[in-house]
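Okay, so here's the structure we're looking at.
Residue numbers (the UniProt record's numbering), protein chains in the order written: chain A, 1 to 382; chain B, 1 to 382; chain C, 1 to 382; chain D, 1 to 382.
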């Protein structure tokens, strides 16, 4: 893994490079958190790590996953499981995508292209945030399979323009995030008076003007409410249907928890939904994503694919999601930890660890592949 | 926010003003607790903060709220939710009232009028305690919507006199507290041998003689049992009916947990009930208020309105209460924290924060207004 | 409260009397634990405080009580509740008895007579252990209502003799403990190599020879297994019936958890059963007593009275037991704490506190007396 | 207990013998953990103590056992319970076996023969791991009842040879471990870069070449996946049937959690199954073994015997397993703790303690023998 970038990039010398001793190699994704905490300025760490409100939903995400007992099957004749997975009609190396996250240059100067390249090398989709700090064309140029994540712009014409740009850049899918009518109140960011450094721009917005979106305070301002902001607040299912009709990419709706909403998304043209509470960053008090997953899977049936995010920290979590019926998962914060601490190489290591863990978990559960894992029985644990 | 009043008001110099460094602005109601703890003498803090007995019910109130998962709805077309709410036939700025709390000059020299004025400015009802340290007329003079809270006096003629005085002062409703046949045993107060300072009087009692009520030890003495005390202990449903007949203000019964009692209250003329365990200050071992809320709502149907108090600490808690069927909530301790640390301005800041949090929570849950929140589904969380 | 006895009685000066500062007056029974811990030598504290095995059942007892939510009723017209209770056909001042505990001179030189006198003054039964360190006649001479607790002697003739002696001494009931076929393995006692001081004798055993019972190591040796020991190990329901026929005192069976056993006890002549896991000191891994109480109450119906012990620490716990159907409770360790720290006066203070707490709890729950509390509804709390 | 062996055996002087003060005698199995932690190099301790992944399953094993409340029966006429138990048609001193564990010379130079001899002296079966650091013939030479544990070798001819060798050595049963298609990811071992010391060999593998199995890193390498490894990965029920036909020893299948798998094992010829998650060392996220035990017992009926392992730490745990229907249990880590801290004598002390605890637990529960314990009722505890 390369030397920590922050020694170069940090504007204020928060960490004295001389005091950093060589770290042992990470053995799990959580190890990257410890590394990232060392190199990131505390307010940036808080921005990445925090949730909204009392962070009760942030905690529920982990607690609920830990309570999912997966019942392994023995003597199934499985040698080395395959991780290959079809999502949205394309094949990927494992049932995992990199969750869309804003302003990745905030944690590492190589930003989005580094993380996308790592995802591409690992054979998994990279979900590029509309709030990326690098233009989408530079992200797709890495050769990764890129899904573009959209917050809806106020001016519908700009949406149309952006859809064309995204398609031309070679993105494979459009992910509409629906759980951000306003930003969740993230108390850590409020306490830190967290602001983006001026050199970071929302590179996918018209003219790169991130101030259109949130005036440089991603954790604080209500992105879509202020009249001057770029994002539309009062979206409806009719808007979603319009989007499906004006976009020839596969459509994914991200940020649902209610099975009724999932069915409506499928009926409005979504080929996949992502069951998510935005990693505990939006409605504090919402249930854990994994708590709602089985109901959503049952409700949508084969009308669309179901992905899960919020709280995934290792291969066993992927197995849990599969066993509860998900087609795959998105991994968020761990990828930022890895990017922060090691750039593209760090992210690659993290994805390789995740693949190793998932392969082992599948083998130990007696599953030849992710599809077999969806037949596993789960047992609630105290 | 003004400088801490206690620098002036404290009789003993517990806090050296020179040592107080400027506090960061509060980002949530809990921040006022930290501020209040700094400025209040420890026994006063304990009086405000404590519960009865082992404080197990005090703890249940929070734990039970944290386990209420609220399932948000997406793409409902909501831009900025309205918080406006009808309670008892009048419209308020949000579904929140300031809970009745005794002797508010104990925590800040401006006392009841300051908190009432903040409530008035925020457009929410202020519930004035019969044990206020300021005459009710000075409270209503702030222009706030005032609901008067009654502990029943032994002499029925005095009750009649007080009802007339309350009506003449312009109060909008009468709140009868029914869960204080005796005071709960508050161990912190007993340990501190807590007593009111002599200059504080029960300004609404005949002759301002608070000794009539409890001899200056609000947390300790059994208010209504001692033969010399002012309050009647053995109240019954017949007394409540008598009150309803002799009072032309809307009647609210506060301090019920049992659905059977709630129905009886409605049948005895109550236009609203407050599901409450008195903030964990009366029967230690009673269930959390929010645990009983759904049953009470189902039992009373449309016979009366149902409010909740005990444990509300933020906008998400209000959303939880609404989702479980409450028409609104009362907020107690956080308002004393804010009053203690910043007087009227502090209380105003707290109410503004609460409104901001509730507005965001409604938006994130896809609700156009509090009524819509009552249709949300809740999910128990581990 | 008198000065701590241990300054005189302690054989080794573990506590320097000069260093003891005046303690604040206890406000609840738990305060006596802190006092007792100060004055007792650590191995004696451990003997009193500890449970068997991993102490999981010891912990369950409290946790299960804390989860019993009691739903109070309002406006029931109750002024000052009465605590008076009929148990075994006699009236007592409250539904509480002092649990049988061995060798009370271990914690205070005044021992059994002091605790019995306090119970007598408080109007509650004192359960005298067969392993008392004072002859039963000196205990009944205090004027207390004494129930005699029996571990079954190997020689049946000695049992007959003892029954006569107990009756002649004026005991009001016979309590047969059935949950000690062997002593639980109390790891603290084993680690401390705890032994009785030589001056303590089992004053009710023939010739005062406590070595007959357990060779001076009450927490360690299997009392009834060793062939040389005084107690009979392999008791059966036939023995219990024989006892009922040879004893003209009311018979209480203490130490049951299983409803089936409770019914058999009633059928064998018991007028009361005590649902108890021996305060977590016998079978580690047994359920909490309060967990089994409702089933036992339902199973025995009106065939016999049901008492509860194990974990009672205050008036609210008594209310919980009553609400779950108990006729009363036994209180153990808190009485030893109070005896240790203040002799008879300390024990009297503890019982007065318990009565105050129970009176307040009944009033707050809307109950005129203990019988009314048995109609209360309980609500499980998370 | 003899002096700690590690003073002699340790290659690096991690523990200075001069600093070791005499330890108090162990009163429970957990005490041996503290002793072992003192004498073992930290990486060896971690290898013994750790689980896979986040160790959530490791924790579930204990938490789930602690929640099993066992309802004791009183007055059953039991004096001293018998512990004698029939397993696989042979009688043992108690319903306990020593779980198979690799490379026991890692924790004590006397290794497998010491532990086997202790088991033999205690009258319980010793399960010898195929990865033993002593040839099986030296283990059976101790006179213990030895059950041989098999990881399946890649070359079927070697399996046949090994079966003959095992039978000739006098082993009483063959235990096939089925939950190790790959090794669980044990993060502690990965962090410690744990490797076997070179002088340790897999003494039962052809030519003693442990590198065939895992290249000296038992906690790390995927034993059976690498093409060069000795163990076969993709086993099936057909292989198990083949084994049953080629082995005239009673067959035990170890490492099942799913009742469906247990039934298949019985149908394939297993005379017993061991419900086990490998002590939390294989699939992290698997349910606690004890959670699945009742279902497995119900599913197999009388088709085969059911044993439990994973988390057993004392006599009460054995009682819990019996009450839930197990015929017996295996005890793993505690035996290594005892071996590490005291060699054969230590292991003997541990087994004697376990027998004492179980005898007391049976007596306290009113059971004459292990079979009676299987009729006990269990009660879930919060």
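Think of the CB as a built atom: it goes at the ideal place given N, C-alpha and C, for glycine as much as any other residue.
query: Hey, is residue 56 (chain C)'s beta-carbon within less than 8 Å of any beta-carbon in chain D?; result: yes
query: If I measure Cβ to Cβ from residue 26 (chain B) and keep anything under 6 Å in the same chain, skipping five residues before and after, which residues do I get?; result: 32
query: Report the residue from D:188, D:42, D:314 whose alpha carbon sits nearest the alpha carbon of residue 94 (chain D).; result: D:314
query: So is residue 384 (chain D) in contact with chain C if we call contact Cβ pairs under 8 Å?; result: Not covered by the structure: residue 384 (chain D). The range shown for chain D is 1 to 382.
query: Straight-line CA distance for residue 241 (chain C) to residue 331 (chain C)?; result: 27 Å
query: Going straight from the alpha carbon of residue 290 (chain D) to that of residue 280 (chain D), what length do you get?; result: 12 Å
query: Considering only the alpha carbon of each residue, which of A:349, A:365, A:251 lies closest to residue 89 (chain A)?; result: A:251
query: State buried or exposed for residue 53 (chain D), treating a residue as buried only when at least 16 other CB atoms are found within 10 Å of its CB.; result: buried
query: Round the Cβ separation of residue 338 (chain C) and residue 328 (chain C) to the nearest angstrom and send it over; I've been treating them as touching at under 8 Å.; result: Not a contact, Cβ separation roughly 19 Å.
query: Compare the Cα-Cα distances from residue 104 (chain D) to each of D:334, D:367, D:368, D:376 and report the closest residue.; result: D:334
query: What span of residues does the beta strand (DSSP E) with residue 342 (chain D) cover, start to end?; result: No beta strand (DSSP E) holds residue 342 (chain D); the alpha helix (DSSP H) holding it covers 333 to 365.
query: Just confirm the distance between the C-beta atoms of residue 60 (chain D) and residue 74 (chain A), as a whole number of angstroms; I'd bet it's less than 8 Å.; result: That pair is no contact at about 19 Å.
query: Could you check what DSSP says for residue 117 (chain A) in three-state terms: helix, strand or coil?; result: helix
query: Decide yes or no for the touch test of the segment 266 to 274 of chain B against the segment 299 to 306 of chain B: beta carbon pairs closer than 8 Å, at least 3 of them.; result: yes
query: Note down, one range per segment and in chain order, each beta strand (DSSP E) of at least 3 residues found wholly within the segment 265 to 320 of chain C.; result: 272 to 275, 305 to 308
query: For residue 159 (chain D), list the residues DSSP reports as bridge partners.; result: Answer by DSSP bridge pairing: none, since residue 159 (chain D) is not bridged.
query: Does any residue of chain B bring its CB to less than 8 Å from the CB of residue 382 (chain C)?; result: yes
query: Going by beta carbon distance, what residues of the same chain come within less than 6 Å of residue 311 (chain A), once the five residues before and after it are set aside?; result: 61, 62, 65
query: Rounded to the nearest angstrom, what separates residue 72 (chain D) and residue 322 (chain D) at their Cα positions?; result: 13 Å
query: Can you give the beta carbon distance from residue 36 (chain B) to residue 152 (chain B), rounded, assuming they're within the 8 Å contact cut?; result: About 31 Å separates the two Cβ atoms, so there is no contact after all.
query: Name the two residues that bound the continuous beta strand (DSSP E) containing residue 58 (chain B).; result: Taken as a continuous stretch (DSSP letters only), residue 58 (chain B) belongs to no beta strand (DSSP E), being part of the alpha helix (DSSP H) at 56 to 66.
query: Does any C-beta atom of chain A lie closer than 8 Å to the C-beta of residue 318 (chain B)?; result: no
query: DSSP on residue 103 (chain C), reduced to helix/strand/coil?; result: coil
query: Tell me whether residue 282 (chain B) is buried or exposed, calling it buried when 16 or more other Cβ atoms sit within 10 Å of its Cβ.; result: buried
query: Looking at the C-beta of residue 389 (chain D), does it have a partner C-beta in chain A at a distance below 8 Å?; result: In the structure as shown, chain D begins at 1 and stops at 382. Residue 389 (chain D) is therefore absent and cannot be evaluated.
query: In or out: residue 352 (chain A) buried (at least 16 other Cβ within 10 Å) or exposed?; result: exposed
query: Cβ of residue 237 (chain B) less than 8 Å from any chain C Cβ?; result: yes
query: Give the straight-line distance between the Cα atoms of residue 200 (chain B) and residue 99 (chain B), rounded to the nearest whole angstrom.; result: 20 Å
query: Tell me whether residue 201 (chain A) sits in a helix, a strand or coil according to DSSP, three-state version.; result: coil
query: Note down, in chain order, every chain C residue with its Cβ under 8 Å from the Cβ of residue 24 (chain D).; result: 191
query: Quick one: which unbroken beta strand (DSSP E) runs of 3-plus residues sit fully inside the segment 117 to 143 of chain C? Chain order, please.; result: 126 to 129
query: Since residue 144 (chain C) and residue 119 (chain C) should fall inside the 8 Å C-beta cutoff, what is the C-beta to C-beta distance between them, to a whole number of angstroms?; result: 5 Å
query: Can you name the residues of chain B whose CB is closer than 8 Å to the CB of residue 379 (chain C)?; result: 287, 291, 292
query: Could you give the C-beta distance for residue 367 (chain C) and residue 81 (chain C), rounded to a whole number, given that I count them as a contact under 8 Å?; result: 6 Å
query: When the cut-off is 8 Å and only beta carbons count, does residue 74 (chain B) lie next to chain A?; result: yes
query: So with Cβ pairs under 8 Å, would you call residue 171 (chain C) a contact of chain B?; result: no
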